[in-house]
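Structure first, then comments.
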Amino acid sequence: MGGFRILGSCTGGWWRGLGAHTPPRDAGYSAKSRHRLQPQGSSKRSGVPRDQPFPGVLQLKTLSREELVGVLREAVVDKKGPLLTLNKPQGLPVTGKPGELTLLSVLPELSHSLGLSEQDLHVVRAAGKEASGLVLLSSCPQTASRLQKFFIHSRKAQRPTATYCAITDGIPATSEGKIQAALRLECSDGLSLVVPVKSPSRKDILEGVRRTHSHFRVMATGSGCALVQLQPLTAFPDQLQVHMMLQLCPLLGDHTYSARMGTVLGQRFLFSAQSTKPQRQVLDEALLRCLHLTPSQASQLPLHLHLHSLLLPGPRPRDTPMELLAPLPPYFSRTLQYLGLCQHRPLFLTPQLDTEGSEGRGPVTSQVQRE
1 MGGFRILGSC TGGWWRGLGA HTPPRDAGYS AKSRHRLQPQ GSSKRSGVPR
51 DQPFPGVLQL KTLSREELVG VLREAVVDKK GPLLTLNKPQ GLPVTGKPGE
101 LTLLSVLPEL SHSLGLSEQD LHVVRAAGKE ASGLVLLSSC PQTASRLQKF
151 FIHSRKAQRP TATYCAITDG IPATSEGKIQ AALRLECSDG LSLVVPVKSP
201 SRKDILEGVR RTHSHFRVMA TGSGCALVQL QPLTAFPDQL QVHMMLQLCP
251 LLGDHTYSAR MGTVLGQRFL FSAQSTKPQR QVLDEALLRC LHLTPSQASQ
301 LPLHLHLHSL LLPGPRPRDT PMELLAPLPP YFSRTLQYLG LCQHRPLFLT
351 PQLDTEGSEG RGPVTSQVQR E
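Note that full-length UniProt numbering has the sequence shown beginning at 1, numbered continuously upward.
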């Protein structure tokens, strides 16, 4: 769910520019191009071929550092004081091995291209590699520390600060609920995979098993799929993917954990996580027709998980939290259209959350962007 790098120099109070009257930025997608479900700019510059079945997905293997910096410049959602917010493309890792092309590896060039050459940008919170959505960067240690305390306090109080959009293959049995599962990270054949642990012992907890919690809400259904709002209440690798798998509703484009689910006579069941290796997600023929995909194309389907909203603290301790929003990527929007769910997109504006000291008021929205 993202970590904290509290370094850099402070440039002033970020909250002064994050009020409700902030004019919305385009986050790399013009109004005209969003309706066409295509990213702004040329395919060479953005690294997004026009003829691919999943518009808006980076071709990272063929992208140069200069091109990636250009993509990230166009992905800026908001820039106020020491805070910089990006709408990260799916498939871009935040960190990686030395020499790999990652978000962290190009932060110096991005900082320079945005006129922040004397300020070091560091990741405060970010969507994971396979997810798309918000990345919060900061150049001020005091601001980063304040945000860290806010996120930790909210997590302890079981108040969600991050809201994800997701599309699932399958429809959850209930329209809303809380998922609880003990999870452990295991390494097998060079891969780090998350495995559920039933009835963990105290020894399991001491050895790294974590009790995890997420809230889900089904916003719409169609063609055997669901548009789901997900709010993690804990932070664990691949938490949302595993939680939805445990509901027998893997995320669309989950090529890591979807193999743990089988179907016999229309009934879904779970295989043992320890005995099941990752493989490309297999979709039934009816869903492939709805998505206008061949089986070969479906094997490259990107994960439909998007960090849509982040709540940030107001300028004073008892002020209403403010909200950052990132628009959906083009391939996600197109999937919603194919499944007949696009009319429900405005529902993904985060519902008003009652927070301590806010007197029940909803969050102030900094960037309200709808496609």
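Ideal placement from N, C-alpha and C gives every residue a C-beta, glycine not left out. The structure presented is a predicted model; accordingly, all values stated were derived computationally and were not measured.
Q) Helix or strand or just coil, what does DSSP make of glutamate 186? A) Three-state result, glutamate 186: strand.
Q: Determine the direct distance from the alpha carbon of proline 93 to that of proline 196, and round the result to whole angstroms.
A: 24 Å
**Q.** Rounded separation between serine 296 and threonine 256 - CA only
**A.** 17 Å
Q | Simplified DSSP assignment, three categories, for tyrosine 257 | A | The answer is coil: DSSP assigns tyrosine 257 none of H, G, I, E or B.
Q. Taking the C-alpha atoms as reference points, what is the distance between alanine 259 and proline 317?
A. 46 Å
**Q.** Own chain, CB closer than 7 Å to threonine 161, minus 5 neighbours either side, in chain order
**A.** If we look at threonine 161 and ignore the five residues flanking it on each side, its Cβ neighbours are Phe151, Ser154, Leu310, Leu311.
Q: May I ask you to report which of helix, strand or coil DSSP gives glutamate 130?
A: coil
(Q) Out of Leu63, Thr276, Met219, which one is the CA nearest neighbour of glutamate 100? (A) Leu63
**Q.** leucine 193 - containing alpha helix (DSSP H), residue span
**A.** First-last for leucine 193: 191-197, but that is the beta strand (DSSP E), not the alpha helix (DSSP H).
Q: From the DSSP output, in three-state form, read off glycine 170 for me.
A: coil
Q: Just confirm the distance between the C-beta atoms of arginine 268 and glycine 170, as a whole number of angstroms; I'd bet it's less than 8 Å.
A: 7 Å
Q.
Could you pull the DSSP bridge partners for isoleucine 179 from this structure?
A. Isoleucine 179 is bridged to Ser214.
Q) Do you know how far the Cα of alanine 273 is from the Cα of aspartate 189? A) A direct Cα-to-Cα measurement between aspartate 189 and alanine 273 gives close to 14 Å.
Q. If you draw a straight line from the C-alpha of asparagine 87 to the C-alpha of leucine 303, how long is it?
A. 15 Å
Q) Do serine 105 and histidine 122 come within 9 Å of each other at the CB atom, strictly closer than that value? A) no
Q: Can you give me the start and stop residues for the beta strand (DSSP E) that phenylalanine 269 sits inside?
A: Per DSSP, the unbroken beta strand (DSSP E) holding phenylalanine 269 starts and ends at 267-270.
Q | Distance between valine 209 and alanine 173 (C-alpha atoms, nearest Å) | A | The alpha-carbon atoms of alanine 173 and valine 209 are separated by roughly 27 Å.
Q. For aspartate 78, which of helix, strand or coil comes out of DSSP?
A. strand
Q. Do you know how far the Cα of aspartate 204 is from the Cα of lysine 79?
A. If I take the Cα positions, the gap works out to 43 Å.
Q.
Let me make sure I understand the geometry here. Which of Leu147, Thr85, Ser132 has the alpha-carbon closest to that of serine 111?
A. Thr85
Q: May I have the straight-line CA-CA distance separating arginine 211 from alanine 127, to the nearest angstrom?
A: 21 Å
(Q) Counting C-beta neighbours from all protein chains within 10 Å, is the total for leucine 265 16 or more, i.e. buried, or is it exposed? (A) exposed
Q: Please check the pair serine 132 and glutamine 90, which I expect to be a contact at CB under 8 Å, by giving their CB distance rounded to whole angstroms.
A: 4 Å
Q: May I ask you to verify whether the segment 282-289 touches the segment 216-227, counting CB pairs closer than 8 Å and requiring at least 3?
A: yes
Q. Which whole-angstrom value describes the C-beta separation of glutamine 241 and leucine 251, a residue pair presumed to lie in contact below a C-beta threshold of 8 Å?
A. Indeed they touch by this definition, with Cβ atoms about 6 Å apart.
Q: State the DSSP-derived secondary structure class of arginine 280, mapped to helix, strand or coil.
A: coil
**Q.** Which residues DSSP lists as bridging cysteine 225, in chain order
**A.** Asp169, Gly222
Q. Got a sec, what are the start and stop residues for the alpha helix (DSSP H) glutamate 285 sits in?
A. 285-291
Q) Sorted by chain position, which residues of the same chain lie with C-beta nearer than 8 Å to residue 374's C-beta, five sequence neighbours on each side aside? A) Residue 374 is absent from the model: the chain starts at 1 and stops at 371.
Q. At which residues does the beta strand (DSSP E) containing leucine 308 begin and terminate?
A. Before going on, a small fix: residue 308 reads as histidine here, not leucine. Here the beta strand (DSSP E) through histidine 308 covers 305-312.
Q: Return the CA-CA distance between leucine 83 and proline 232, expressed in angstroms with no decimal places.
A: Each residue's alpha carbon lies about 23 Å from the other.
Q | Neighbourhood of glutamine 247 by C-beta, 6 Å cutoff - its chain only, sequence neighbours within 5 removed | A | Pro172
(Q) If distances are taken between C-alpha atoms only, which option among Met245, Arg202, Leu193, Glu207 comes closest to phenylalanine 216? (A) Met245
Q. Alpha carbon to alpha carbon, how far is leucine 341 from valine 135?
A. 26 Å
Q. Around the Cβ of histidine 292, are there at least 16 other Cβ atoms within 10 angstroms (buried) or fewer (exposed)?
A. exposed
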